[in-house]
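Student: Once you've had a glance at the structure underneath, I'll fire off some questions.
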Amino acid sequence: MHPIEIIRKYYNPESEAYKFLIQHSKMVAKKAVEIAERVKHLNPDIKFIEEAAMLHDIGIFLTKAPQIGCFGDKPYICHGYLGRELLEKEGFPKHAIVCETHIGVGLTIADIEKNNFPIPKRDMIPTTIEEKIICFADKFFSKDNEPVKEKPISKARGFIARFGEDKLGQFDEWVELFKEPS
């Protein structure tokens with residue numbers, strides 16, 4: 043499994059989308075591995091975390107996000123399930139699930155229906171420790187204004203809070219689970 047080789051099947055390395063994707067994914071992968079190292083007692087698969095974190099946003103090129111060089115025809119929220127489909131075709135079903143479950147702190151069927159999201163109606167919730175770590179790490183980096191600067195927890199919490207108390211509660215649970223030892 044070589045994440046960069048898979049990414050290059052779908053992205054021109056000279057494109058803006060490729061540069062955004064690689065930069066963002068490397069930051070998320072680095073943070074996810076750091077978190078995994080802190081919670082070794084939970085037995086996370088660190089190699090898998092690094093690979094899947096590099097691939098979690100592979101579906102963005104199929105979405106309409108011109109500010110990051112993506113000129114597809116789908117809304118940005120679709121990049122999770124589209125990435126899953128790509129990685130399933132590539133033969134990486136476990137990595138594929140990470141694409142789908144990293145949106146927000148996970149999406150339930152109720153979330154999808156309530157918001158009328160144009161995505162398949164199924165629960166897309168991180169369940170494994172690896173999925174949770176990658177989803178959590180992703181919340182600290184944006185792909186637009188300052189992609190290489192890690193957001194403080196307060197900013198990540200503020201973003202998540204917009205989606206409801208239950209989502210913020212899940213994020214705060216992860217803050218506690220993944221915190222640095224004092």
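Using this note's numbering, read the sequence shown as starting at 43 and increasing by one per residue.
Glycine is no exception: its CB is placed at the ideal position from the N, C-alpha and C atoms.
Note that the structure is a prediction, hence the values are computed from the model and not measured.
With a CB to CB cut of under 6 Å and the five nearest residues on each side skipped, what residues in its chain are close to K181?
Tutor: Taken in chain order, the residues that qualify are A198.
Student: Quick check: what's the CA-CA separation for A107 versus K82?
Tutor: Whole-angstrom Cα-Cα distance: 37 Å.
Student: Considering only DSSP beta bridges, list what G146 is partnered with.
Tutor: Bridge partners of G146: G148.
Student: Here's a check: name, in chain order, each residue in its chain whose Cβ is nearer than 6 Å to the Cβ of F159, leaving out the five neighbours to either side.
Tutor: Closer than 6 Å at the Cβ level, and outside the excluded window around F159, lie I119.
Student: If contacts are defined as beta-carbon pairs under 8 Å, then F213 and V140 qualify, I think. What distance do you get, rounded to the angstrom?
Tutor: At roughly 17 Å, the Cβ-Cβ gap does not stay under 8 Å, so F213 and V140 are not in contact.
Student: Who are the near neighbours of I176 in its chain, counting only those whose CB is closer than 8 Å to its CB and skipping five residues on each side?
Tutor: Once the five neighbours on either side are set aside, the close Cβ partners of I176 are V70, A74, I91, A94, A95, H98, V140, H144 and P168.
Student: Taking C-alpha atoms, which residue in K221, G211 and I161 lies nearest to T40?
Tutor: Since the first residue shown for the chain is 43 and the last is 224, residue 40 is missing from the structure and cannot be characterised.
Student: Give me the residue from L84, K89, I77 and W216 with the minimum Cα distance to P45.
Tutor: Nearest C-alpha to P45: K89.
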